[in-house]
Amino acid sequence: MVNSFIVNFSLLFTFSVLINYVLYLPVLQQDSLHKARRVILGVMVGVTCVLLMINAYELTDYLLISFFHIPLAYVALYYSSWVSLIAAMVAGAGRFFLYDPYMSSLVGAVDIFIMVLLIIAVSFMIRKTIVHFLAVTAIYTIQNIVIIYVMLDGEWSWGEGVLYVTASITSAFLFYYMVQWVQQYHVMNKLYEERARIDALTGVYNRHELDQHLDYLTIKRQPFTLMLIDIDDFKIFNDEKGHHVGDEILKEAAGRLKEAIREQGSVYRFGGEEFVIIMENHSGSSVQLFAEMIRQCMKDQYVVTSTKEKINITVSIGAANYSEDMKSAKEILKVADEAMYEAKISGKNRAVYA
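Under this note's numbering, the first residue of the sequence shown carries the number 570, and numbering increases by one thereafter.
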């Protein structure tokens with residue numbers, strides 16, 4: 570019995586790490602794959618239950634003791650009903666097809682469904698805390714012991730029953746905190762990755778991320794348009810009104826750029842008061858329209874939060890298309906910079922398309 574519990578314990582923790590690793594893969598983080606993530610989670614939890622049952626302690630040919638109820642109880646309490654039912658279907662199918670005789674396997678599969686349905690029902694009535702998770706685990710374990718004792722006509726050792734309850738609750742306790750730790754690790758790791766890519770002041774992508782994106786596009790020889798945007802007379806705002814006002818202007822400009830471009834491109838802080846927008850698969854005419862739209866939206870009056878002063882912001886924009894004869898990303902930046910300089914010397918508050 571002890572050996573089976575150790576194997577179950579090892580499988581439980583190995584798959585808790587593996588499942589979370591798969592769910593946090595970048596390819597599965599897209600919003601469009603939300604339902605797919607739930608299906609994958611349900612199937613993987615079900616497979617984990619099957620592996621736990623395969624390595625169960627067999628009291629008889631039809632009576633098994635394992636920790637398969639722990640991951641099922643967890644998803645039934647903390648995830649959607651669909652995830653729980655998918656996991657129950659996989660686990661029930663495993664219980665039915667992997668063991669003989671027919672009736673005991675059928676009863677075992679039905680027992681899994683009943684357990685999951687009861688926990689789902691209970692989850693709507695209780696707070697989802699570790700205490701309730703351990704209580705659900707303990708209740709199911711004790712119910713199992715009573716059933717086993719009755720089916721064996723009282724010939725089962727109560728010492729083994731106490732060992733089963735102790736091992737089950739201990740494993741559930743450690744499993745809960747292991748899952749919490751793994752999930753927190755992935756969330757914090759994602760947060761650190763985002764911080765490494767995002768400009769702290771403006772909330773748009775930083776120069777490093779811009780360089781990486783440009784390198785990727787130029788290596789693939791993928792057509793794109795780059796717009797270099799400079800806030801007109803920003804140094805005057807900064808010197809006369811203070812750096813705190815300058816910072817507010819940069820934040821406001823970044824917000825307006827993101828709002829204007831939305832899903833059509835990516836916004837980067839190039840440095841100082843300069844921003845870059847990259848747009849893929851857009852024709853010259855559509856880019857000109859976007860550049861003019863950006864110029865117009867930046868003209869809207871802005872009220873400084875700290876001083877309540879009204880400020881008018883304008884920008885000069887230089888836009889350039891990437892061509893295959895360009896050898897590096899620096900060339901398109903140079904072309905866009907020259908176009909922006911032309912916009913500056915032509916009177917500012919305008920867009921020039923190279």
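Every residue, glycine too, gets a C-beta built ideally from N, C-alpha and C.
Under the three-state reduction of DSSP, residue 838 is assigned to strand.
Counted as a single uninterrupted DSSP element, the alpha helix (DSSP H) harbouring residue 650 occupies residues 650-667. Nearest neighbour of residue 786 by Cα position, chosen from 704, 890, 807, turns out to be 890. Collapsing the DSSP output to three states places residue 844 in a strand. In the assembly as shown, residue 825 is a buried residue. Its beta-carbon has 16 or more other beta-carbons within 10 Å. According to the DSSP assignment, residue 714 belongs to the alpha helix (DSSP H) that extends over 699-720. For residue 756, the enclosing alpha helix (DSSP H) starts and ends at 727-766.
The Cβ atoms of residue 637 and residue 613 lie no closer than 7 Å to each other. Taking C-alpha positions only, residue 591 is separated from residue 838 by approximately 33 Å.
Using a Cβ distance threshold of 7 Å, residue 784 and residue 775 do not count as a contacting pair. Of the candidates 651, 706, 658, 666, the residue whose Cα lies closest to the Cα of residue 642 is 706. Per DSSP, reduced to three states, the secondary structure at residue 771 is coil, with no helix or strand assignment.
For residue 916, the three-state secondary structure derived from DSSP is coil. Exposure of residue 572 is indicated by the presence of fewer than 16 other C-beta atoms within 10 angstroms of its C-beta.
In this structure, the CA atom of residue 869 is about 23 Å from the CA atom of residue 847.
Look at the beta carbons and you see the region 756-766 not touching the region 808-815: under three pairs across the two are nearer than 8 Å. Excluding its 5 nearest sequence neighbours in each direction, residue 653 has C-beta neighbours in its own chain below 8 Å: 611, 641, 644, 645, 685, 688, 689, listed in chain order. CA-to-CA, the gap between residue 801 and residue 883 works out to about 6 Å. Counting only residues of its own chain and dropping the five nearest sequence neighbours on each side, residue 658 has no CB closer than 6 Å to any other CB.
Excluding five sequence positions before and after residue 850, the CB atoms of its chain that fall closer than 8 Å to its own CB belong to 792, 793, given in chain order.
Put simply, of 821, 830, 863 the residue whose alpha carbon is nearest the alpha carbon of residue 874 is 821. The Cβ atoms of residue 581 and residue 744 sit closer than 7 Å to each other.
Rounded to the nearest whole angstrom, the C-alpha separation of residue 663 and residue 600 is 31 Å. Residue state for residue 873 is assigned as coil, using DSSP reduced to three classes. Counting the other CB atoms within 10 Å of its CB gives residue 892 a total below 16, which places it among the exposed residues. In the structure shown, the three-state DSSP call for residue 799 is strand. Of the residues assessed, residue 864 falls on the buried side of the cut-off, its CB having 16 or more other CB atoms within 10 angstroms. Residue 818 sits in a helix when the DSSP states are folded into three classes.
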